[in-house]
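Read the structure below first, then the notes.
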C-alpha cells in the first residue's frame, strides 16, 4: 500500500494583497522545523476578490510568494453561483489534514464557512488592517464578528443566514484547551487571555526592498472611507483639496477600493497626480520613490508605514477625521474607532 502523503504544514487563506503580505512576513519569522522534522512549504490559498485592482495586486503578491517558496493555489470562490460550494469541496481534503491554519480576515464570510472544515490545533491570525483591533476586542467581550463600519441598523437575509457561521467562527477562534490561537500583528491590538501575540516588524519587507529614494515634497495617502459609507464624499473632496494646498502635496496614492469616478474628480479639482499602486503601499513605499513627508488619514498604514520605512527619514503625519465629515449611515462607533487609530499611532510611532 502506498504511503499516505504527509499533511501540509501550514495553509493560509487570503483574500487581499495586504493579507498575503502579512502571511509572507509571518512565514519569514516563524520558528524553523524542530530537529528531525521536515520543513513543510507554505501553501497559500487565494480566495480571489471581485474588484480588478485587488485581483491585480494579489497576482503580483502571488508571484512574490512563489519566489519565497510558497505553493499558491488560486480559487474563484466568488465566481458565479456555486463558487463557494465548489471551493469548499476542493479545499476540504487539505483543510481537514492541515496542521496549522493561517487566516487574514476572521470577519470574512468565506473564511467563516471554510473554518468548520479545519481540524488544525494551531491557528494564526495575521493582520487584515485595522480590523485586527476590532477582532481582539470582540473576542474579549464575546461579541459578534461584525466589522466596525457596519451600522447594524439593517440585517439582510444573507446576514441572518451567515449568523451561525459567524458564531461558530468566534468559538473556533477563541483560545481553549483544544486549540492554540496566535495573533501575528503590527497593530496595537490587545489579545484576549490565552491568545499568543507575536509582533510583525516588517522584517521581510525591509530586507527584500529598499531603502527607497526620497523626493522633495509631500505625498498624500487616500482612504476608502467614502466607499464604505463612513465619510461624506463632498467633505472628503474639500479636505483633500485643503491638505494638498496647505502642504504642497503632489501625489495621491489611491486605496485599491477607491472608485475611479471619485479619483478622476480628485485629480481634476486638486491637481494631484493619482497613483494606483500595483502592490500594497508598504512595499510601494519601501521600493520608492516616496515623498519625504507623507500624509495619511486614520488607517492601517499609520501603523505599518512607520515600521516599513524605519530609518529612511520619511516623516509621516496622520490627519484627524472630524465627526462632521461622517455620513448619517456611519456606525455610531465609527468616530471613536478612527480616533483610537489616530491616537495610538501618534503615541506608539511618535507621529505628528
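In the working numbering, the protein residues as written are 84 to 435.
Positions of the beta carbon are idealized from the N, C-alpha and C atoms, including for glycine.
Nothing here was measured: the structure is a model prediction, and the numbers come from that model.
- Going by beta carbons, residue 129 and residue 141 fall inside the 8 Å limit.
- The criterion of a C-beta distance shorter than 8 Å is satisfied by residue 148 and residue 107.
- Following the DSSP letters along the chain, one finds residue 435 in no beta strand (DSSP E), marked with neither H nor E.
- Under the DSSP assignment, residue 98 falls outside any alpha helix (DSSP H); it carries neither an H nor an E label.
- A direct Cα-to-Cα measurement between residue 109 and residue 435 gives close to 29 Å.
- Every alpha helix (DSSP H) stretch that sits fully inside the region 297 to 362 and reaches 4 residues is listed by chain position as 316 to 330, 343 to 353.
- If you draw a straight line from the Cα of residue 314 to the Cα of residue 173, it comes to about 40 Å.
- Contact check between the region 365 to 375 and the region 286 to 297: three or more CB pairs, one atom from each, fall below 8 Å, which counts as touching.
- For residue 151, the closest C-alpha among the options 337, 111, 219 is that of 111.
- If you compare the alpha carbons of 412, 179, 418 with that of residue 312, the shortest gap goes to 412.
- Going by DSSP, residue 285 is part of no alpha helix (DSSP H) at all; its letter is neither H nor E.
- For residue 288 and residue 346, the gap between their C-alpha atoms comes out near 28 Å.
- If you draw a 10 Å sphere on the C-beta of residue 227, you find fewer than 16 other C-beta atoms in it, and that means exposed.
- The criterion of a C-beta distance shorter than 8 Å is satisfied by residue 356 and residue 333.
- Note: residue 183 is bridge-paired with 93, 205 in the DSSP secondary-structure output.
- Setting aside the 5 residues that flank it on each side, residue 394 is surrounded in the same chain by 294, each with a C-beta closer than 8 Å to its C-beta; the list follows chain order.
- Residue 403 counts as exposed, since fewer than 16 other C-beta atoms from the protein chains shown sit within 10 angstroms of its C-beta.
- Contact check between the region 179 to 186 and the region 155 to 168: fewer than three CB pairs, one atom from each, fall below 8 Å, which does not count as touching.
- Classified as buried, residue 283 has 16 or more neighbouring CB atoms from the shown chains inside 10 Å of its CB.
- For residue 126, no alpha helix (DSSP H) run applies; the uninterrupted beta strand (DSSP E) run containing it begins and ends at 125 to 130, by DSSP.
- By the neighbour-count criterion, in which a residue is buried when 16 or more other Cβ atoms sit within 10 angstroms of its Cβ, residue 259 is exposed.
- One alpha carbon belongs to residue 343, the other to residue 310, and they sit about 11 Å apart.
- Under the 10 Å beta carbon count, residue 396 is surrounded by fewer than 16 other beta carbons and is classified as exposed.
- Partner residues in the beta bridge of residue 155, as assigned by DSSP, are 127.
- Closest option to residue 420, judged by alpha-carbon separation, among 178, 380, 351: 380.
- Looking at the DSSP output, residue 266 bridges to 208, 280.
- DSSP places residue 373 in the strand class (E or B) of the three-state scheme.
- Assigned with DSSP and collapsed to three states, residue 398 falls in strand.
- In this structure, 406 is the residue among 377, 406, 423 with its C-alpha nearest to the C-alpha of residue 319.
- Remark: C-beta atoms of residue 304 and residue 378 approach each other more closely than 8 Å.
- Short of 6 Å from the beta carbon of residue 335, and not among the five residues preceding or following it, lie these beta carbons of its own chain, in chain order: 303, 305, 355, 357.
- In the structure shown, residue 228 falls within a coil segment according to DSSP collapsed to helix, strand and coil.
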